[in-house]
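K.L.:
Once you've had a glance at the structure underneath, I'll fire off some questions.
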């Protein structure tokens, strides 16, 4: 996620409900299709933004202005240039696919929590005279969700997925610190927290598991 100052300078780096398909192959196919369509939509929007003279940049989030709350969701689908978008595309595709393997409804619920948490966090804490947009808040949120999910579910498989994700993308976590000018560490941090919250909110309750064993 990046922010753009109102002087015009830009910086930074860088959802479908339904039942679970009957087979792993169908589930993986559905997850892949949804994530490819999601990322493709981001590229289409960026093309439109460039063609219209960056008219869509106005849908980024400017902090602490009541009218800007309506931009919390669309800001997660917009970027300040193709380099910004390219930096987010692959991790969004990979991490979103891993979450979507649990079902498209789960992906939609998790992404909604993350987008709201990241966007509202930016709205409250971003610097004055800035506009923030980008999918990296979602990327950080999906990362946080996958890292924590296995502990909440007490699932060996989910723990292994979280470990693999941590090895590949763990260095991203430095992005929650205010170390680079123009990078919305606020969006990263609150996105990450949103993902952790989603892991607990949508995790499999241990009491349900015990009840199944007793039954």
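Residue numbers (this note's numbering): 1495 to 1709.
Ideal Cβ placement from N, Cα and C applies to all residues, glycine included.
Among the residues of its own chain, which have a CB less than 6 Å from the CB of residue 1505, if the five just before and after it don't count?
P.N.:
Because residue 1505 sits at a pLDDT of 44, beneath the cut-off of 50, its placement in the model cannot be relied upon, and the point is left open.
K.L.:
Report yes if the C-beta distance between residue 1692 and residue 1604 is below 9 Å; otherwise report no.
P.N.:
For residue 1692 and residue 1604, yes; Cβs fall inside 9 Å.
K.L.:
Measure the C-alpha to C-alpha separation of residue 1644 and residue 1663 and round it to an integer number of angstroms.
P.N.:
Rounded to whole angstroms, residue 1644 to residue 1663 spans 16 Å at the Cα level.
K.L.:
The alpha helix (DSSP H) spanning residue 1619 covers which residue range?
P.N.:
Per DSSP, residue 1619 belongs to the alpha helix (DSSP H) from 1598-1619.
K.L.:
So within the stretch 1616-1686, which uninterrupted alpha helix (DSSP H) runs reach at least 4 residues, ignoring any that extend past its ends?
P.N.:
Segments of the alpha helix (DSSP H) lying fully in the stretch 1616-1686: 1630-1647 and 1650-1663.
K.L.:
Please report how far the alpha carbon of residue 1673 lies from the alpha carbon of residue 1520, in whole angstroms.
P.N.:
If I take the Cα positions, the gap works out to 42 Å.
K.L.:
Are the Cβ atoms of residue 1665 and residue 1698 separated by less than 9 Å?
P.N.:
No, Cβ-Cβ distance for residue 1665 and residue 1698 is not below 9 Å.
K.L.:
The alpha helix (DSSP H) that contains residue 1542, what's its start and end?
P.N.:
Residue 1542 -> alpha helix (DSSP H) spans 1518-1545.
K.L.:
Between which two residues does the alpha helix (DSSP H) carrying residue 1556 extend?
P.N.:
Neither: residue 1556 is in no alpha helix (DSSP H) and is coded neither H nor E.
K.L.:
Could you tell me the alpha carbon to alpha carbon distance between residue 1610 and residue 1547, rounded to whole angstroms?
P.N.:
Cα-Cα distance, rounded: 27 Å.
K.L.:
What are the start and end residues of the alpha helix (DSSP H) that includes residue 1550?
P.N.:
Element bounds for residue 1550: n/a, residue is neither H nor E.
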